[in-house]
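See below for the structure under consideration.
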Amino acid sequence: MQDYIVAIPARYASTRLPGKPLASVGGEPMIRRVCEQALKSGASRVIACVDDERVGDALKGCRAEVCMTSQECKCGTDRIAEMIRILEIPSDTIVVNVQGDEPLIDPGHIGQVAALLESTGADMATLCAKIHDPSDVFDPNCVKVVMDKNGFALYFSRAPIPYERGNFDHMPQTLKYDHFHHIGIYAYSARLVLDYTSKPQPEIEKCESLEQLRLMHFGFKIAVGVTDNPPEAGVDTRADLERVNRILKKA
């Protein structure tokens, strides 16, 4: 398949966990562990897009590259767009966006989403996993996705979709239909990243607070692959950090 690069946006001033990229995960800074996982994926380049010299310093001796970006970037995609401009990444380059707070990211998922983008000809590719616990369908922090028969996204939502009429009047014990949890890893061309960041936020993106809805609003196609081994949730809070470290101690 075509070579691809991995871009890892990381913001130092996290609201819920200040200094998050430097938080200790398995005895090393989280950003370093994320980069090391990405380096196992077969990517031609792994680039950490950071906004603080301390985060860059934590990657000294690591094969990942560091690109200093502005503290004014509003989201990870904006940070990746800035990196593309600074490093003059060719427009047809496949870029896989791996969040800097995903220390347990599976390198296989990175390769999977890059291959999916190339094989489908979609504008963007992402992953999902089947939901087994009905309570997750009602959890707004668990983003759901519905696909068409060809595996292209119809919609992403924090609400229960599809809505099981007659079964969702109360919290159900079982699910009658398949429901899928969106996994926040993305593959797209460098050209699309720049196009995306040039477009205004539509109301539906603001409403759900889901960036991918901007692409759908403007008519872009998103291919969604299904994985049977979904990753552990990323790190947003101190409790998440403790959970991840417990998992690594057992490994």
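Under numbering that gives the first Met the number 0, read the sequence shown as residues 0 to 250, first letter to last.
Where is the CB? At the ideal position from N, CA and C, for every residue including glycine.
Would you mind giving the Cβ-Cβ distance between S255 and P106, rounded to the nearest angstrom? I have them listed as a contact below 8 angstroms. Nothing in the structure corresponds to residue 255, since the chain is present only between 0 and 250.
When the Cα atoms are used, what is the spatial distance from G224 to V112? Roughly 7 angstroms between the two C-alpha positions.
Could you tell me whether the segment 153–161 touches the segment 90–102, using the rule of 3 or more Cβ pairs below 8 angstroms? At 8 angstroms Cβ cutoff, the stretches do not touch.
Given this structure, state the Cα-to-Cα distance separating L86 from A80, to the nearest angstrom. One alpha carbon belongs to L86, the other to A80, and they sit about 10 angstroms apart.
Start and end of the alpha helix (DSSP H) containing G55? Per DSSP, G55 is one residue of the alpha helix (DSSP H) stretching across 52–56.
What did DSSP end up calling P106 once you bin it into helix, strand or coil? Helix, per DSSP.
For H180 versus A128, is the C-beta spacing smaller than 8 angstroms? Taking 8 angstroms as the Cβ cut-off, H180 and A128 qualify as a contacting pair.
So, helix, strand or coil for G150, using DSSP? DSSP places G150 outside both helix and strand once states are collapsed to three, so it counts as coil.
Given this structure, state the Cα-to-Cα distance separating D100 from P133, to the nearest angstrom. For D100 and P133, the distance between alpha carbons rounds to 26 angstroms.
Entirely enclosed alpha helix (DSSP H) segments - the segment 25–95, minimum 4 residues: List check, alpha helix (DSSP H) in window: 29–38, 52–56, 75–86.
What residue range does the alpha helix (DSSP H) around A121 cover? First-last for A121: undefined, no H or E at that position.
Among L153, F137, S188, A189, the one whose alpha carbon lies nearest that of P171: Looking at the Cα atoms, F137 is the closest of the given residues.
Please check the pair L240 and A37, which I expect to be a contact at CB under 8 angstroms, by giving their CB distance rounded to whole angstroms. A Cβ-Cβ separation of about 19 angstroms leaves L240 out of contact with A37 under the 8 angstroms criterion.
Delimiting residues of the alpha helix (DSSP H) encompassing I203: I203 -> alpha helix (DSSP H) spans 202–207.
Report all residues from its chain with a CB closer than 6 angstroms to the CB of A124; omit the five preceding and five following residues, and keep chain order. Short of 6 angstroms from the beta carbon of A124, and not among the five residues preceding or following it, lie these beta carbons of its own chain, in chain order: V112, L115, L116, A186, A222.
Could you name the residues that DSSP lists as bridge partners for S224? Just to set this straight, residue 224 is Gly in the shown sequence, not Ser. Residue pairing by DSSP puts G224 in a beta bridge opposite L126.
Going by other Cβ atoms of all chains shown within 10 Å of its Cβ, with 16 needed for buried, is K198 buried or exposed? Burial call: exposed.
From the DSSP output, in three-state form, read off H216 for me. H216: helix per DSSP, three-state reduction.
What's the call for G75, buried or exposed, on a 16-neighbour Cβ count within 10 Å? Classification of G75: buried, given that the 10 Å Cβ count is 16 or more.
Which term fits T68, buried or exposed, when burial requires 16 or more other beta carbons within 10 angstroms of its beta carbon? With 16 or more other Cβ atoms inside 10 Å of its own Cβ, T68 counts as buried.
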